[in-house]
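Below: one structure, written as structure tokens.
Protein chains: 2
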Amino acid sequence: MDASHRSGCPINLTLEILGDRWSLIVIRDIMFGNRRHFRELLQNSEEGIASNILADRLKRLVERGLLTRADDPTHKQKAVYSLTEMAIDLVPLFAQMGAWGRKHLAVSEELSIRAELLENGGAKLWEDFMEELRAKHLGKVLPPGTPSVLGRLTEAYLEVVDRRKES
Amino acid sequence: MDASHRSGCPINLTLEILGDRWSLIVIRDIMFGNRRHFRELLQNSEEGIASNILADRLKRLVERGLLTRADDPTHKQKAVYSLTEMAIDLVPLFAQMGAWGRKHLAVSEELSIRAELLENGGAKLWEDFMEELRAKHLGKVLPPGTPSVLGRLTEAYLEVVDRRKES
DNA sequence: CTGCACTGATGGCAAAATGCAAGCAGTTTT
DNA sequence: AAAACTGCTTGCATTTTGCCATCAGTGCAG
């Protein structure tokens, strides 16, 4: 056991990496919002993350193996952040967190429709989504014609937004 | 939406309640370690929580509806903390967190055996465990002769501890 | 009835994390 | 040449954490 760890309990070790107010928000935005650049994460942030916090979290998540950082060939100053398998494996955790939040907290309709679909889709949908993330972030090749889970989630989200705008 | 919330996203709202280094540790110890009093939580804490942090977290978790506090009839100064349904509903989340931690982090064998059993038991075992927690914390009556999931988990933990002591 | 251990906490203080606003050097677009 | 955009960085005030000592009330053994 590393002296820098409080204990070897899996719950504790998970909290030592993800137990703060922002780490999972950043991963969520990369995963479900498909945001890959610093500015995208900063400016589209629903919760209004500060730039120094975002910089710190991206650095820490790269150090801890949840993200990778690569240069963007289209722009010399641009960095592209990608999920690792470790982060992709958080999909079931997000699904459970979303389900718990929807059940017990005052969630907004448009921001919880994706959580609802993910919850109802069950383990099969999660696995499909994870495969899609592996394709997008790890370069894994999928069988052609695979329908996009993220596309379905995003579509449902936009539908709710539209419907609520009308009323 | 309350102005004190960053957004209505279920992931975000969940993080606003549970997104720190200690809240889930406290709930874990009440849930899996069956610790019901302040001192039990303080002195048996694997991670060494400080008393002021523990006091603060217990207060916040009661305020937010995850715990209830009651007087202990056997001692005028004693308080008994119980899980609410909201907290019991975190069992699947703990199961996922444990599974993720076991897969990706340097967990210790004795502290992860319970997570392993919970993971392998699947949704059925989680539901049995939740029913047991409802009996213990909410006074729900179970059919007689129901085997104890917590007993099984604790037994397995002690076996590992014993086995490792011998070698 | 008197020590003494135990009860759930508090208080002080230093260190770290967070939040907010401004700024920066280099790059690309207009 | 100017403007907008790139991933950050800096400064500073506030909040949270971590550690240690302490406390007043309770209950039990002598």
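Protein sequences appear in the order of chains A and B.
The first sequence begins at 1 in my numbering and counts up one residue at a time.
The second sequence begins at 1 in my numbering and counts up one residue at a time.
Think of the CB as a built atom: it goes at the ideal place given N, C-alpha and C, for glycine as much as any other residue.
None of the values given here were measured: they were computed from a predicted structure.
By how many angstroms is the C-alpha of residue j removed from the C-alpha of residue i?
| i | j | result |
| --- | --- | --- |
| M1 (chain B) | L117 (chain B) | Unreliable positioning characterises M1 (chain B) in this predicted model, as indicated by a pLDDT of 48, which lies under 50. The coordinate reading is nonetheless provided below. One C-alpha to the other measures close to 40 Å. |
| P143 (chain B) | G151 (chain A) | 46 Å |
| S7 (chain B) | D56 (chain A) | 21 Å |
| I30 (chain A) | I88 (chain A) | 10 Å |
| T146 (chain A) | R35 (chain A) | 21 Å |
| L58 (chain A) | N44 (chain A) | 16 Å |
| H5 (chain A) | T14 (chain B) | 25 Å |
| A135 (chain B) | V91 (chain B) | 15 Å |
| A50 (chain A) | L42 (chain A) | 7 Å |
| G122 (chain B) | A106 (chain B) | 23 Å |
| T84 (chain A) | Q77 (chain B) | 50 Å |
| S167 (chain A) | W100 (chain A) | 28 Å |
| H75 (chain B) | I11 (chain B) | 40 Å |
| F32 (chain B) | N52 (chain B) | 22 Å |
| S112 (chain B) | S23 (chain B) | 19 Å |
| L18 (chain B) | C9 (chain B) | 14 Å |
| A95 (chain A) | L158 (chain B) | 32 Å |
| L125 (chain A) | R60 (chain B) | 35 Å |
| M130 (chain B) | M130 (chain A) | 28 Å |
| S108 (chain A) | S108 (chain B) | 40 Å |
Candidates the options: which alpha carbon is nearest residue i's?
| i | options | result |
| --- | --- | --- |
| F38 (chain A) | A:Q96, A:V161, A:P147 and A:D72 | A:D72 |
| K165 (chain A) | A:E110, A:S23, A:I88 and A:N120 | A:E110 |
| V141 (chain A) | A:P147, A:S148, A:E132 and A:V149 | A:E132 |
| D20 (chain B) | B:G33, B:L54 and B:H137 | B:L54 |
| R64 (chain A) | B:H104, B:L125 and B:L18 | B:H104 |
Considering only their Cβ atoms, is the gap separating residue j from residue i smaller than 8 Å?
| i | j | result |
| --- | --- | --- |
| L66 (chain A) | S82 (chain A) | no |
| R189 (chain B) | A156 (chain B) | There is no way to answer for residue 189 (chain B), as the model of chain B reaches only from 1 to 167. |
| M97 (chain A) | L93 (chain B) | yes |
| D128 (chain B) | V160 (chain B) | no |
| I25 (chain B) | E40 (chain B) | no |
| A70 (chain A) | V62 (chain A) | no |
Residue i: buried (16+ other C-beta within 10 angstroms of its C-beta) or exposed?
| i | result |
| --- | --- |
| R28 (chain A) | buried |
| E119 (chain B) | buried |
| D162 (chain A) | exposed |
| E16 (chain A) | buried |
| L138 (chain B) | exposed |
| L153 (chain B) | buried |
Anything in chain A within Cβ reach of residue i, meaning under 9 Å, just list it in chain order.
| i | result |
| --- | --- |
| A115 (chain B) | C9, P10 and I11 |
Given that residue i touches chain B, what residues does it touch there, using C-beta distances under 8 Å?
| i | result |
| --- | --- |
| D204 (chain A) | The question about residue 204 (chain A) has no answer, for chain A in this structure spans 1 to 167. |
| V107 (chain A) | G8, C9, P10 and L13 |
| M86 (chain A) | H104 |
| L24 (chain A) | I11, L15 and G19 |
Just the chain B side, please: which residues come within less than 7 Å of residue i by C-beta, in chain order?
| i | result |
| --- | --- |
| Q96 (chain A) | P92, L93 and Q96 |
| R28 (chain A) | I11 |
Under 8 Å between beta-carbons, which chain A residues line up against residue i? List them in chain order, please.
| i | result |
| --- | --- |
| D89 (chain B) | W100, K103 and H104 |
Which residues in chain B have a C-beta closer than 9 Å to the C-beta of residue i? List them in chain order.
| i | result |
| --- | --- |
| E46 (chain A) | R6, S7, G8, C9 and N12 |
Just to confirm, does residue i get its C-beta within under 7 Å of one of the non-hydrogen atoms of the ligand FAD?
| i | result |
| --- | --- |
| V149 (chain A) | Absent from the structure shown: the ligand FAD. Ligands present: none. |
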